[in-house]
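Residue numbers (this note's numbering): 41 to 200.
What follows is the structure, given as structure tokens:
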């Protein structure tokens, strides 16, 4: 009986871990998440960690989701002491180096939300990589004040 219980617990734990990790070619996508939005919010953002496991770099070139009219790749950056946000054409994923999409840096902007992002819910987001092709991930919605999940190598990022 103990063996069966342990096996069941391990199966659930493994399923949970796998639910947060995805692959597109040689790129691993981990912990896709978003912050909950207020009912009247028109925009939101999604975050995750992208790690290249191949010998060559890949690039995230587009994103789409049914929960927003438009999804774009964006970057927050300082300009003369003022934090500004701008779209980027692609996000480069280097081999062996995590690229973190997080508040205050690279992120996926969700424009024209069709519904609020509700804590505890999830929504699909399709990422398209130049080499790895498309992959659809489930984005977990966390609380409105949630911080980026801890990840080794957080903060390393590149965009083009």
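For glycine and all other residues, C-beta sits at the position ideal for the given N, C-alpha and C.
Determine the extent of the beta strand (DSSP E) in which residue i is found, giving its start and end residues.
i           : result
residue 170 : Here residue 170 belongs to no beta strand (DSSP E), and DSSP marks it neither H nor E.
residue 65  : Looking at the DSSP string, residue 65 is not in any beta strand (DSSP E), and its letter there is neither H nor E.
residue 102 : 98-104
residue 84  : 83-92
residue 119 : 108-119
residue 122 : 122-127
Excluding the five sequence neighbours on either side, which residues of its own chain have a C-beta within less than 7 Å of the C-beta of residue i, listed in chain order?
i           : result
residue 173 : 64, 65
residue 161 : 181
residue 100 : 90, 113, 130, 131, 133, 167, 169
Can you give the beta carbon distance from residue i to residue j, rounded, assuming they're within the 8 Å contact cut?
i           : j           : result
residue 153 : residue 86  : 12 Å between Cβ atoms; not a contact.
residue 169 : residue 67  : 6 Å
residue 17  : residue 156 : Nothing can be reported for residue 17: it is not among the residues displayed for the chain, which extend from 41 to 200.
How would you label residue i, buried or exposed, when you count the other beta carbons within 10 angstroms and need 16 or more for buried?
i           : result
residue 93  : exposed
residue 132 : buried
residue 126 : exposed
residue 78  : exposed
residue 80  : exposed
residue 53  : With a pLDDT of 37 at residue 53, under the threshold of 50, the modelled position of that residue is not reliable, and the figure given next carries that caveat. Classification of residue 53: exposed, given that the 10 Å Cβ count is below 16.
Expressed to the nearest angstrom, what Euclidean distance is found between the alpha-carbon atoms of residue i and residue j?
i           : j           : result
residue 187 : residue 143 : 8 Å
residue 183 : residue 98  : 31 Å
residue 72  : residue 179 : 5 Å
residue 185 : residue 129 : 28 Å
residue 151 : residue 110 : 5 Å
residue 104 : residue 149 : 10 Å
residue 69  : residue 181 : 16 Å
residue 116 : residue 145 : 5 Å
residue 107 : residue 76  : 13 Å
Taking 6 Å as the limit between beta carbons, can you name the residues of its chain near residue i, skipping five residues before and five after?
i           : result
residue 147 : 85, 87, 114, 141
residue 176 : 164, 166
Please go through the same chain and pick out, in chain order, the residues whose beta-carbon is closer than 8 Å to the beta-carbon of residue i, but skip the five residues on each side of it.
i           : result
residue 112 : 103, 127, 148, 149, 151
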